[in-house]
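Everything on this sheet refers to the single structure shown next.
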Amino acid sequence: MKITTRELVMTGLMIALAAILAQFPINGSIGLDAIPAFFGAAAITPVLGGLVGAIAHLLIASFTGFMFTMPLHLVIAGTMFLSCFAYGYVRKHGNRYLAMVAGILMNGPVSLMISAFAAQLLGMEFSGMMMFLALIGPLTIVAAINVILADILYGLVGAYVPKSKAV
2 MKITTRELVM
12 TGLMIALAAI
22 LAQFPINGSI
32 GLDAIPAFFG
42 AAAITPVLGG
52 LVGAIAHLLI
62 ASFTGFMFTM
72 PLHLVIAGTM
82 FLSCFAYGYV
92 RKHGNRYLAM
102 VAGILMNGPV
112 SLMISAFAAQ
122 LLGMEFSGMM
132 MFLALIGPLT
142 IVAAINVILA
152 DILYGLVGAY
162 VPKSKAV
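Using my numbering, read the sequence shown as starting at 2 and increasing by one per residue.
What follows is the structure in C-alpha cells.
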C-alpha cells in the first residue's frame, strides 16, 4: 500500500485531533477520541483510519494511566483498529447507515466482548461477564456518539476531501 503525502498529513492531523479529544475522557479510557479515527477511515482510507483509532485509544489510555494494564489496552487498540476499518470499508463500499451500524456494533459490544475475554485470560479481577455488563451501556452509547458524529462530519465536509484510491 503506497501512502501519499496528503494521506500522511491527514493521518497526522487526525492523530493530533484524537490526542486533543483524549484529554477529556468520559469514563476511564472511554471518550470521544475516536471521532477523528472514524472520520479518517471514511475520508482517508480504512487502514489509516484504523491506525488512527488504535493510536487514539493508546493515547487516552496513557492519559488515564493504563487502568486496565498495557496488555489489555493493546487488545483494545486492536479492536479499535478493526472497528474503524470496518466502518471505513463499509462506508466506502456500501451505505452510510450500514457503516454506522457496523462501526457501533464493532466498537461497542463486539470489542467489549473481546476485551472482557482477554481480561479474563490475563487473570484480571474486573473481567468476563462482570466487565461486559458494567461497560456495555456506557461503551455502546459513546461508540454511537463517536460514529454518528464522525459520519455527520464526513457528510458535511467529505466532498471537500480529495479521494484516495486505496481501500
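Ideal Cβ placement from N, Cα and C applies to all residues, glycine included.
| Item | Value |
| --- | --- |
| Distance check for phenylalanine 86 and methionine 2, CA to CA, integer angstroms please. | 15 angstroms |
| For the ligand ATP, I want to know if alanine 17 counts as a neighbour, meaning its beta carbon is within less than 6 angstroms of at least one of the ligand's heavy atoms. | This structure simply doesn't include the ligand ATP, nor any ligand for that matter. |
| Please classify phenylalanine 82: is it buried, with 16 or more other beta-carbons within 10 angstroms of its beta-carbon, or exposed? | buried |
| Between the Cα of isoleucine 149 and those of Arg97, Ala57, Phe69, Gly66, spot the shortest distance and give me the residue it belongs to. | Arg97 |
| Which class does asparagine 28 belong to by DSSP, given the choice of helix, strand or coil? | strand |
| Quick one, which of Thr6, Gly95, Met11 has its alpha-carbon nearest valine 162's? | Met11 |
| Give me the residue from Met101, Tyr88, Ile115 with the minimum Cα distance to glycine 79. | Ile115 |
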